[in-house]
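Visitor: Have a look at the structure that comes next, please.
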Amino acid sequence: MDKNMKPEELKEVSKQLEEQIKLKIYDSLLGLLDDEKRANQTFAPVIEMMEKLKPGSKQKMVQAIKESMESQTASLEQAEELPKVVASERRTKRRRKLRKLQTPRRKRRRTV
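Heads up: the sequence shown runs through residues 1 to 112, numbered per full-length UniProt numbering.
What follows is the structure in structure tokens.
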């Protein structure tokens, strides 16, 4: 990009750069995404942000995408942790029940 470029040329170059940035972001997102479910969850907000994009707000867009990716990964990690906790609780309940059943019942001593 030269300082002597005309406004039309500048607009073309900025559009080309914007497209290249979009492609790079999509590629990086695709690299991070593992399964189809996560892709659907992550891509919807990114596409919405891209549609609202204005030239010159590239830095804000990158920051917003980073934040959305972090929030997505955080929520997914929390969702993955919950079933483990529930399963361990079930196991402890089962163990306690079995222990209770195996211990002999004590007879009360009746005082006459």
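Note that beta-carbon positions come from the ideal geometry of N, C-alpha and C, so glycine has one too. Every value quoted in this text rests on a predicted model; they were computed, and no experiment measured them.
Could you give the distance in angstroms between the alpha-carbon of Ile-65 and the alpha-carbon of Ser-75?
Guide: Their Cα atoms are separated by approximately 15 Å.
Visitor: May I have the straight-line CA-CA distance separating Leu-23 from Ser-14, to the nearest angstrom?
Guide: Cα to Cα, the separation comes out at about 14 Å.
Visitor: So what does DSSP say about Lys-6, is it helix, strand or coil?
Guide: Coil at Lys-6, not helix or strand.
Visitor: Helix, strand or coil: which one does DSSP assign to Thr-111?
Guide: Thr-111 falls in the coil class under three-state DSSP.
Visitor: Under three-state DSSP, which class holds Thr-92?
Guide: In the structure shown, Thr-92 sits in a helix (DSSP, three-state: H, G or I).
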